[in-house]
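For the sequence shown, counting from 1, position 52 maps to 46 in our numbering; every step adds exactly one.
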Amino acid sequence: MLVMKNIDCEIYIKQLITFFETNPGDLMELIGDVQKEDFYKKLREKCEKNYDDGIDHIINRQQMINIIMELKIPELFETPNPKSVVEGYIQKTKWGKIILN
């Protein structure tokens, strides 16, 4: 079980969850096919991060959009391994390695 660092964050997240549980159509319209538990977990993490950064714990519209995008399209938020990117441009042949450009 996750332990909240701040009572304001706890209250805020519980209110969001209650709203979405009583209005499941709004939740489905917002997140689509994303698992709601993953969505709630990301909301908690973002709320706690906002609090730790010294800004308002309430999640703004852009942060909500970023959370949904991160859940729907995770490859946009992954940092690629530079070595694997470079190795993707090298083709191994029987004559040796060829760098594709």
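Note that the Cβ used here is the ideal one computed from N, Cα and C, for glycine as well.
| Check | Outcome |
| --- | --- |
| What are the boundary residues of the beta strand (DSSP E) that Lys91 is part of? | Gly90 to Ile93 |
| Where does Ile7 sit, in a helix, a strand or coil, going by DSSP? | helix |
| Can you say whether Tyr83 is buried or exposed, counting buried as having 16 or more other CB atoms within 10 angstroms of its CB? | exposed |
| Tell me the DSSP secondary structure of Asp2 in three-state form. | helix |
| Where do the ends of the alpha helix (DSSP H) carrying Ile61 lie? | Arg55 to Lys66 |
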